[in-house]
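Residue numbers (my numbering): 2 to 403.
Even glycine gets a Cβ: it sits at the ideal position worked out from N, Cα and C.
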Amino acid sequence: MESLKFQPLQAAMQQDAERKAFPDYLPHLPEIPAGRYCDPGFFKLEMAAMKHSWLFGIHGDDVPQPGCYKRWEQLGQPLLFVRGNDHKVRCFYNICRHRGGPLVLDDKGQKRNISCPIHGWSYRLDGELAGVPERRDFNEADLQRRSLLEVRCENLGEMYFINFDDKAMPLLDDLGPVADAWMLYQPENSRLVSRHMLTVPANYKIVLDANLEVYHVNFVHPEIVAKFLDSSASTINLLPNGHSTQASRLRQAEWNESGIDLPRVAEVTDISRLANVAVHMYPNRIIAMNDWGYPLQNYWPVDEHTTQVEVLWFAPRSDVPQSDALWNEVAATFINVLEQDYKFCAGMQTAMTSGANRGVLIGAQERSIYHMHEEMDRRIGIDLVPAHLRVRQVLNQRQAAA
Ligand code: FES
Ligand SMILES: [Fe+2]
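In structure tokens form, the structure reads like this:
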């Protein structure tokens, strides 16, 4: 990805640092209606649209061997990832095709085949129905159509994504330049080193917005992030399909790695020392890229005013042994930063529901937020969004790079 090369990035950040006024390459950004953050009808439209988007599922390390499985239960969808004997990772509904019993109750494990604990129907690891106790009670033709329900699953290296829409564009086409950027960090050679889940009492977009800009850094993180990251020297790329990147100049390199010598992806070390590179992938995830490892945050809506934030850390695979304690410390430091962001979210949610605050104002360096909202209306269908809740399509997919 051209914009993630060292010199263009350095020049673009410097240009932003020297900017004295609202950039002339950007249109005026109208207010975003507050109802988009709290209206139950709008939330339903969003959730329906989200099921046509690519969503993060699991990392390959979650199911390392044939027969390993991992449950996934976001957006009210009970799913099960399974690695088959052919080593392929598949995603099924965790729903027995007899009367809908849950096939597994534990979060993860390993089985030779998948059998329902209620009446003992069993399925092969590729989802095919394998056994039915007292088979004589069923019509054979009915049983021919009772394999597990499969959900579309595609991957970028060890990162497995799902989409409930069989007609959606392929994962790599949807991610486009974001996939190119991520590939620089070698996701095929990554390992999963930690997973945490936080609950925040606010709409998922309020929580997501908090990490879609660095304008807040000097005020919310004066002791940690602000010492290292220069929020006034930042370059944003608004990309197709609602995705975006933001690179912010580092005042000093290696700001958050505990001073320990970690294995690195050498090809991106110069970029990692120059800038904090955040990648937002529509609809609900952000990565802050580093050569020594990176956190992926998935913002999962629970209802219109509750969010679960899933934080997964990935690191380059290496033969050098590393202690869990090290990665626990890295994850704890990062979560400490996130909690500084999230402590304001409940108050912002109340502002949206109060009726006093009719809309929010977005500045130039927060434009990734506006870009995401525009994409959301396009995915819902602009005509389906009530007029008072729509955002005006002013950025549209313009490549507004600075
Ligand atoms: S519900 Fe699974 S075997 Fe009956
Ligand atoms: Fe923050």
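Rounded distance between the beta-carbons of residue 47 and residue 290, thought under 8 Å: Looking up residue 290 in the sequence shown gives position 289. Looking up residue 47 in the sequence shown gives position 46. That belief does not hold up - the Cβ atoms of residue 290 and residue 47 are roughly 27 Å apart, past 8 Å.
Can you give the Cα-Cα distance for residue 154 and residue 204, rounded to whole angstroms? Translated into positions along the sequence shown, residue 154 becomes position 153. Translated into positions along the sequence shown, residue 204 becomes position 203. Taking the straight line joining both Cα atoms gives about 27 Å.
Where does the unbroken alpha helix (DSSP H) through residue 54 begin, and where does it stop? Stepping through the sequence shown from its first residue, residue 54 is reached at position 53. Taken as a continuous stretch (DSSP letters only), residue 54 belongs to no alpha helix (DSSP H), as it is neither H nor E.
Straight-line CA distance for residue 274 to residue 160? If you number the sequence shown from 1, residue 274 lands on position 273. If you number the sequence shown from 1, residue 160 lands on position 159. Each residue's Cα considered, the two are about 25 Å apart.
Which runs of the alpha helix (DSSP H) fall wholly inside the stretch 135-212 and span at least 4 residues, in chain order? 141-144, 172-176, 178-184, 205-210
I'd like the span of the alpha helix (DSSP H) that includes residue 17, first residue to last. Here residue 17 refers to the residue found at position 16 of the sequence shown. Taken as a continuous stretch (DSSP letters only), the alpha helix (DSSP H) holding residue 17 covers 7-19.
Tell me which same chain residues have a C-beta within less than 6 Å of the C-beta of residue 257, skipping the five on either side of it? Working through the sequence shown from its first residue, we reach residue 257 at position 256. Caution applies to residue 257, whose pLDDT of 49 falls short of 50 and renders its modelled position unreliable; the model cannot decide the point.
Going by other Cβ atoms of all chains shown within 10 Å of its Cβ, with 16 needed for buried, is residue 322 buried or exposed? Looking up residue 322 in the sequence shown gives position 321. Burial state of residue 322 is exposed, judged by a 10 Å Cβ sphere holding fewer than 16 other Cβ atoms.
Given a cut-off of 8 Å on the beta-carbon distance, is the pair residue 227 and residue 235 in contact? Counting from one through the sequence shown, the residue named residue 227 turns up at place 226. Counting from one through the sequence shown, the residue named residue 235 turns up at place 234. For residue 227 and residue 235, no; Cβs fall outside 8 Å.
Pick from 369, 360, 370: whose alpha carbon is nearest that of residue 40? As a working note, residue 40 is residue 39 in the sequence shown. If we check each option's Cα against that of residue 40, 360 comes out closest.
Counting along the chain, where does the alpha helix (DSSP H) carrying residue 110 start and finish? As a working note, residue 110 is residue 109 in the sequence shown. Premise fails: residue 110 lies in the beta strand (DSSP E), 109-111, not in any alpha helix (DSSP H).
Please confirm whether any heavy atom of ligand 1 lies closer than 7 Å to the CB of residue 128. Taking the first residue of the sequence shown as position 1, residue 128 is located at position 127. No.
What is the DSSP secondary structure of residue 73, counted as helix, strand or coil? Position 72 of the sequence shown, counting from 1, holds the residue named residue 73. In this structure, residue 73 counts as strand in the three-state DSSP scheme.
Proximity below 8 Å, CB of residue 1 to CB of residue 55: Here the chain has residues from 2 to 403 only, and residue 1 is not among them.
Within 10 angstroms of the Cβ of residue 66, are there 16 or more other Cβ atoms? Answer buried if so, exposed if not. To locate residue 66, count along the sequence shown from 1; it is residue 65. Answer is exposed; the Cβ neighbour count stays below 16.
Ligand 1 and residue 314: does the residue's C-beta get closer than 7 Å to at least one heavy atom of that ligand? Translated into positions along the sequence shown, residue 314 becomes position 313. Outside the cutoff, so no.
Return the bridge partner residues of residue 281 from the DSSP annotation. As a first step, residue 281 is located in the sequence shown; it is residue number 280 there, counting from the start. DSSP lists 245, 287 as partners of residue 281.
Locate the alpha helix (DSSP H) running through residue 370, then write down its first and last residues. Position 369 of the sequence shown, counting from 1, holds the residue named residue 370. Where residue 370 is concerned, the enclosing alpha helix (DSSP H) stretches over 368-381.
On the three-state DSSP scale, how would you describe residue 314? Indexing the sequence shown from 1 puts residue 314 at position 313. DSSP places residue 314 in strand when its eight states are reduced to three.
Out of curiosity, what's the CA-to-CA distance linking residue 44 and residue 92? In the sequence shown, the residue the question calls residue 44 occupies position 43. In the sequence shown, the residue the question calls residue 92 occupies position 91. Straight-line Cα distance between these residues: approximately 26 Å.
Counting by C-beta, which residues lie closer than 7 Å to a heavy atom of ligand 1, in chain order? 97, 99, 100, 101, 102, 117, 119, 120, 121, 122
What are the boundary residues of the beta strand (DSSP E) that residue 332 is part of? In the sequence shown, counting from the first residue as 1, residue 332 sits at position 331. Here residue 332 belongs to no beta strand (DSSP E); instead the alpha helix (DSSP H) covers 325-343.
Rounded C-beta distance between residue 190 and residue 317? I'm assuming under 8 Å. On the sequence shown, residue 190 is found 189 positions in, with the first residue counted as 1. On the sequence shown, residue 317 is found 316 positions in, with the first residue counted as 1. Indeed, because the Cβ distance is near 6 Å, the residues count as touching under 8 Å.
When burial is assigned at 16 or more other CB atoms within 10 Å of the CB, is residue 23 buried or exposed? Reading the sequence shown from its first residue, position 22 is the one you call residue 23. When all chains shown are included, residue 23 counts as exposed.
By how many angstroms is the C-alpha of residue 265 removed from the C-alpha of residue 343? To locate residue 343, count along the sequence shown from 1; it is residue 342. To locate residue 265, count along the sequence shown from 1; it is residue 264. Each residue's Cα considered, the two are about 30 Å apart.
Where does residue 41 sit, in a helix, a strand or coil, going by DSSP? Residue 41 sits at position 40 when you count from the first residue of the sequence shown. Note: residue 41 maps to helix in three-state DSSP.
Nearest candidate by alpha-carbon position, reference residue 68, set 145, 57, 278, 112: By one-based count along the sequence shown, residue 68 stands at place 67. Out of 145, 57, 278, 112, 112 has the C-alpha closest to the C-alpha of residue 68.
On a Cα-Cα basis, can you pick out the residue from 375, 100, 147 that is closest to residue 131? Translated into the one-based positions of the sequence shown, residue 131 becomes position 130. Among 375, 100, 147, the Cα nearest to that of residue 131 is on 147.
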